[in-house]
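In my numbering, the protein residues as written are 107 to 282.
What follows is the structure, encoded as structure tokens:
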């Protein structure tokens with residue numbers, strides 16, 4: 107079995123998936139010993155050398171000059187405590203600001219709800235009361251009473267319609 111630069115990647119993938127035979131694995135090990143390995147695959151050379159050596163000890167990476175694999179830079183992000191504190195403070199300010207906007211919006215909605223009664227008043231014992239908050243119970247009571255009267259009126263209208271219907275039915279029976 108001869109491995110080439112064209113089919114080696116397929117065999118490496120099969121190896122990593124555990125799908126190669128012993129003969130194919132030996133061919134892979136020999137391929138990496140030739141020194142004629144594509145640059146993008148040189149990172150596998152230490153691993154296959156370790157397997158070929160019977161997996162004795164820890165895998166030893168080859169010298170950087172031998173493998174010519176670029177050293178990968180690691181990046182660790184360290185954020186100072188002052189930055190964290192500033193971030194947390196900013197989040198608190200934004201949260202409080204949004205809360206204030208929502209709360210004030212709700213108050214505006216409440217005030218707007220009763221704004222149609224602005225300018226209304228009631229007189230109690232000859233004293234005029236214009237504070238909407240104080241007269242709202244009276245306004246609500248009056249609205250409830252008006253709803254009750256309206257329901258009674260609708261019931262009377264329905265009774266009148268039923269009576270008219272009965273009269274028509276009786277006339278129709280008498281005429282036939």
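No residue lacks a Cβ here, since even glycine has one placed at the ideal position from N, Cα and C.
To the nearest angstrom, report how far apart residue i and residue j are at their CA atoms.
i           : j           : result
residue 234 : residue 262 : 37 Å
residue 177 : residue 154 : Note that residue 177 has pLDDT 49, beneath the 50 cutoff, so the model's placement of it is unreliable and the number below is only indicative. So the two alpha carbons sit approximately 19 Å from each other.
residue 202 : residue 191 : 16 Å
residue 259 : residue 273 : 21 Å
residue 138 : residue 131 : 11 Å
residue 251 : residue 231 : 22 Å
residue 270 : residue 223 : 41 Å
residue 253 : residue 244 : 14 Å
residue 193 : residue 146 : 42 Å
residue 152 : residue 187 : 41 Å
residue 281 : residue 275 : 10 Å
Where does residue i land, buried or exposed, given buried means 16+ other C-beta within 10 angstroms?
i           : result
residue 189 : exposed
residue 143 : buried
residue 134 : buried
residue 150 : buried
Are the CB atoms of residue j and residue i within a distance shorter than 8 Å?
i           : j           : result
residue 226 : residue 208 : no
residue 117 : residue 126 : yes
residue 246 : residue 228 : no
Indicate, with yes or no, if the ligand NAD has a heavy atom lying under 7 Å from the CB of residue i.
i           : result
residue 155 : Judged by which ligands are present, the structure shown has none, so any question about the ligand NAD falls away.
Might you give, ordered along the chain, the residues of its own chain that have their beta carbon closer than 7 Å to the beta carbon of residue i, omitting 5 neighbours on each side?
i           : result
residue 121 : 131 and 134
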